[in-house]
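Engineer: Below are the structure tokens for one structure; questions will follow.
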Amino acid sequence: MEIKNGIPVSPGIIISKCCLLEAEDFRIQHKVIETEQIEDEVERVEKAFKNAAEQVRELSSKYGSDDSGIRDIFAVHVGFLSDDSLIKRVSKRIREKSVCAEYAVSSVFKEISGTLSSSPDNYVRERVSDIYDIEKRLLRVLTKKECYDLGSINEECVVIANDLSPTQTASLNLDYVKGFATNAGGRTSHTAIVARSIGIPAIVALEDITSSAEDGDTIILDGYKGTVLIRPDSETLEEYRRYSDDTIAVEQQLQKTCDLPAETTDGVNVSLGGNIELPQEADIVASKGGDGVGLYRTEFLYLQSEKMPSEQEHYDAYMDVIRRLAGRPLVIRTMDLGADKMPSDGKFPTETNPVLGLRSIRYCLTTANLPLFRTQLRAILRASAEGDIKLMFPLITTVEEVRHAKMVVRDVMEDLADDGFDYDFNIKIGIMIETPSSALISAFLAKEVDFFSIGTNDLIQYTLAVDRANEKLASLYSPGQPAVIKLIKEVVRNAKKAGTEVCVCGEMASEPEFVPLLLGLGVRRLSVAAPRIPEIKLVIRALDIPTCEEVARRAGCLETRRSIVNYLRDTLMGIVPEVQ
Numbered sequence: 001m002e003i004k005n006g007i008p009v010s011p012g013i014i015i016s017k018c019c020l021l022e023a024e025d026f027r028i029q030h031k032v033i034e035t036e037q038i039e040d041e042v043e044r045v046e047k048a049f050k051n052a053a054e055q056v057r058e059l060s061s062k063y064g065s066d067d068s069g070i071r072d073i074f075a076v077h078v079g080f081l082s083d084d085s086l087i088k089r090v091s092k093r094i095r096e097k098s099v100c101a102e103y104a105v106s107s108v109f110k111e112i113s114g115t116l117s118s119s120p121d122n123y124v125r126e127r128v129s130d131i132y133d134i135e136k137r138l139l140r141v142l143t144k145k146e147c148y149d150l151g152s153i154n155e156e157c158v159v160i161a162n163d164l165s166p167t168q169t170a171s172l173n174l175d176y177v178k179g180f181a182t183n184a185g186g187r188t189s190h191t192a193i194v195a196r197s198i199g200i201p202a203i204v205a206l207e208d209i210t211s212s213a214e215d216g217d218t219i220i221l222d223g224y225k226g227t228v229l230i231r232p233d234s235e236t237l238e239e240y241r242r243y244s245d246d247t248i249a250v251e252q253q254l255q256k257t258c259d260l261p262a263e264t265t266d267g268v269n270v271s272l273g274g275n276i277e278l279p280q281e282a283d284i285v286a287s288k289g290g291d292g293v294g295l296y297r298t299e300f301l302y303l304q305s306e307k308m309p310s311e312q313e314h315y316d317a318y319m320d321v322i323r324r325l326a327g328r329p330l331v332i333r334t335m336d337l338g339a340d341k342m343p344s345d346g347k348f349p350t351e352t353n354p355v356l357g358l359r360s361i362r363y364c365l366t367t368a369n370l371p372l373f374r375t376q377l378r379a380i381l382r383a384s385a386e387g388d389i390k391l392m393f394p395l396i397t398t399v400e401e402v403r404h405a406k407m408v409v410r411d412v413m414e415d416l417a418d419d420g421f422d423y424d425f426n427i428k429i430g431i432m433i434e435t436p437s438s439a440l441i442s443a444f445l446a447k448e449v450d451f452f453s454i455g456t457n458d459l460i461q462y463t464l465a466v467d468r469a470n471e472k473l474a475s476l477y478s479p480g481q482p483a484v485i486k487l488i489k490e491v492v493r494n495a496k497k498a499g500t501e502v503c504v505c506g507e508m509a510s511e512p513e514f515v516p517l518l519l520g521l522g523v524r525r526l527s528v529a530a531p532r533i534p535e536i537k538l539v540i541r542a543l544d545i546p547t548c549e550e551v552a553r554r555a556g557c558l559e560t561r562r563s564i565v566n567y568l569r570d571t572l573m574g575i576v577p578e579v580q
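In the UniProt record's numbering, the protein residues as written are 1 to 580.
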């Protein structure tokens, strides 16, 4: 038996035979063409983009008709294939380098994927699979090469592949394909989103599973733990069959939880929202029983295009989310660009230490970038006339930053009124607490805003002076660190004194063992990864506040990360063993 560990992106346990897919290989030669052939090759490229876009539209009609999330992903691909600037870029490569259409497409897309791959931000890196998908589709059109039809699989199996594109994933025949596992991929990739949308168990980032598994091998795919077991022994098979039965029972329990309130056994209601990055993820929040979106990261608008988004593009995206939420509240965070999230227009400054540099709200409030900031604020405020929207600023470190940002908001409101646009004049304004600075002056900041949202991901990074992307420092990067817990306690205490709402929206809120601690510290609002909403709700419904307060008191007396995490896990095991 061989065991491989990756990233679970869609839950479920499957025991089936392996269907191993060979990697699709395009070997494009650097073919130099004659001058008189150049315009013919440009015409081939233009037709290829047009034909490829039509193919994706047909796929959307066939596979995306019942799922708006899949439709939206197909729409992104169609938009990319219809992008005049991209077509002109490939055509320019043909004219300037005198190369064939295939090589021009391959070289331009290699540059785009290289830029995305080098980003330290997972969200940006995970768009690479879309670029590969679009490139291969263009090359198939140009070379007249047929693609293996995954919809033709007619035996039950687990698909094992180097990678699956979003369009391939959407076309899987779910009557036979029961799950998939890939070498590549990430948690927020479009492939992962499609897998969750169609409900197929999936694990990605296994690195070399295609070298370990063979066609026909028995496979156990554990989409909860992110584990693939190849050629398991009889004892393991029997254990997983029992585990699968238990898991089905828990899944049924979680499904029932979706429609129930996030309320403790002693009647305390907890607002439980979801974090999203793409508009279609709002559907997951709604279907999982979330109370709304507690964190809408808007960076995708800047990262998916070679130009900065217009006011109308912002507005359309926000209205899309409002419609999907059907009356539920929406917290929109203004752009958090810089550090690990660089827009593709190349206008961000090069800095020695970008994590501590001109990023986020600092970038927005510089004179040169105020027009960009105002564009987003105009769109958010216009959308506020149509839905329950709150406005939130990221990476606040000083009172002056809050006052400056609020002044810009008031100025934008005046402009909108002059232009005849409606907006919510009383829109609630909040800030992210994600640095030790903002936590320590939270008593001052609480007087300036309507709500706090504690972003534990950055708070841990800045408090522990640890790079959260550095795997060698994983033990340091933990929400169980005593310093982090003490800062959260201070923020909640100061917010309560001022009557300011406080929410926790980082990954810490998505980890079940930390829920009793957060409730015990006084947190009554959580925003979690959307698929985790039922699980966190199940935990909340098993707790009472006095127990949570005792958990927080005891955890506050412990001196090390390990002792705190072990205590919290043991406590949860005694209360809700089924979520372990």
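Even glycine gets a Cβ: it sits at the ideal position worked out from N, Cα and C.
Could you check which residue in 280, 435, 245 and 427 has the C-alpha nearest to that of residue 13?
Structural biologist: 245
Engineer: From what residue to what residue does the beta strand (DSSP E) around residue 17 run?
Structural biologist: 13-20
Engineer: Can the beta-carbon of residue 11 be found less than 8 Å from the beta-carbon of residue 203?
Structural biologist: no
Engineer: Kindly indicate the opening and closing residues of the beta strand (DSSP E) around residue 8.
Structural biologist: Looking at the DSSP string, the run of the beta strand (DSSP E) that includes residue 8 is 7-10.
Engineer: Just to confirm the assignment, what range does the beta strand (DSSP E) spanning residue 161 have?
Structural biologist: 157-161
Engineer: According to DSSP, simplified to helix, strand and coil, what is residue 498?
Structural biologist: helix
Engineer: Could you have a look at residue 292 and say whether DSSP puts it in helix, strand or coil?
Structural biologist: coil
Engineer: Mind checking who residue 503 pairs with in its DSSP beta bridge?
Structural biologist: Paired residues: 453.
Engineer: Which residues in the same chain have their Cβ closer than 6 Å to the Cβ of residue 142, if we skip the five residues on either side of it in sequence?
Structural biologist: 48, 101 and 102
Engineer: Rounded to the nearest angstrom, what separates residue 402 and residue 364 at their Cα positions?
Structural biologist: 12 Å
Engineer: Quick check on residue 205: does DSSP put it in helix, strand or coil?
Structural biologist: coil
Engineer: Pull up the DSSP beta-bridge partners for residue 542, would you.
Structural biologist: Beta-bridge pairing links residue 542 to no other residue.
Engineer: Quick check on the burial criterion: 16 or more other C-beta atoms within 10 angstroms. Buried or exposed for residue 410?
Structural biologist: exposed
Engineer: For residue 491, which residues in the same chain have their Cβ closer than 7 Å to its Cβ, ignoring the five residues on either side in sequence?
Structural biologist: 433, 439, 442, 452, 454 and 502
Engineer: Inspect the CB distances between the region 537-550 and the region 253-268 and report whether three or more fall short of 8 Å.
Structural biologist: The region 537-550 vs the region 253-268: in contact.
Engineer: Within 10 angstroms of its Cβ, does residue 557 collect 16 or more other Cβ (buried), or is it exposed?
Structural biologist: exposed
Engineer: Residue 356: buried (16+ other C-beta within 10 angstroms of its C-beta) or exposed?
Structural biologist: exposed
Engineer: So what's residue 179 in DSSP terms, helix, strand or just coil?
Structural biologist: Residue 179 sits in a strand when the DSSP states are folded into three classes.
Engineer: To which residues does DSSP link residue 391 through a beta bridge?
Structural biologist: 332 and 429
Engineer: Quick one: using the 10 Å Cβ neighbour count with 16 as the cut-off for buried, is residue 380 buried or exposed?
Structural biologist: buried
Engineer: Using DSSP with H/G/I as helix, E/B as strand and the rest coil, what is residue 343?
Structural biologist: Since pLDDT at residue 343 reaches only 49, below the 50 mark, its modelled position is unreliable, and the value read off the structure follows with that caveat. Correct three-state label for residue 343: coil.
Engineer: What residue ranges within the region 35-66 form continuous alpha helix (DSSP H) runs of no fewer than 4 residues, ordered along the chain?
Structural biologist: 38-63
Engineer: Whose CA, out of 489, 567, 219 and 378, lies closest to the CA of residue 234?
Structural biologist: If you compare the alpha carbons of 489, 567, 219 and 378 with that of residue 234, the shortest gap goes to 219.
Engineer: What separation, rounded to the nearest whole angstrom, lies between the Cα atoms of residue 512 and residue 504?
Structural biologist: 13 Å
Engineer: By Cβ distance, which residues of its chain are closer than 7 Å to residue 369, with the 5 residues on each side in sequence left out?
Structural biologist: 363
Engineer: With a threshold of 6 Å on Cβ separation, who are the neighbours of residue 393 within its own chain once the five nearest residues in sequence on each side are excluded?
Structural biologist: Cβ within range, chain order: 334, 361, 405 and 431.
Engineer: Please go through the same chain and pick out, in chain order, the residues whose beta-carbon is closer than 8 Å to the beta-carbon of residue 51, but skip the five residues on each side of it.
Structural biologist: 141
Engineer: Could you tell me the boundaries of the beta strand (DSSP E) in which residue 272 lies?
Structural biologist: 271-276
Engineer: In angstroms, rounded to a whole number, what distance separates the CA positions of residue 574 and residue 489?
Structural biologist: 24 Å
Engineer: Per DSSP, which residues does residue 525 bridge with? Please list them.
Structural biologist: 271
Engineer: Look at the alpha carbon of residue 160 and the alpha carbon of residue 506, and state the distance between them as a whole number of angstroms.
Structural biologist: 32 Å
Engineer: Residue 42 and residue 94 - do their beta-carbons sit closer together than 8 Å?
Structural biologist: yes
Engineer: Looking only at DSSP bridge pairs, what is residue 297 linked to?
Structural biologist: 333
Engineer: Do the CB positions of residue 90 and residue 30 come within less than 8 Å of each other?
Structural biologist: no
Engineer: Do you know whose CA, among 200, 400, 465 and 476, lies nearest residue 448's CA?
Structural biologist: In this structure, 400 is the residue among 200, 400, 465 and 476 with its C-alpha nearest to the C-alpha of residue 448.
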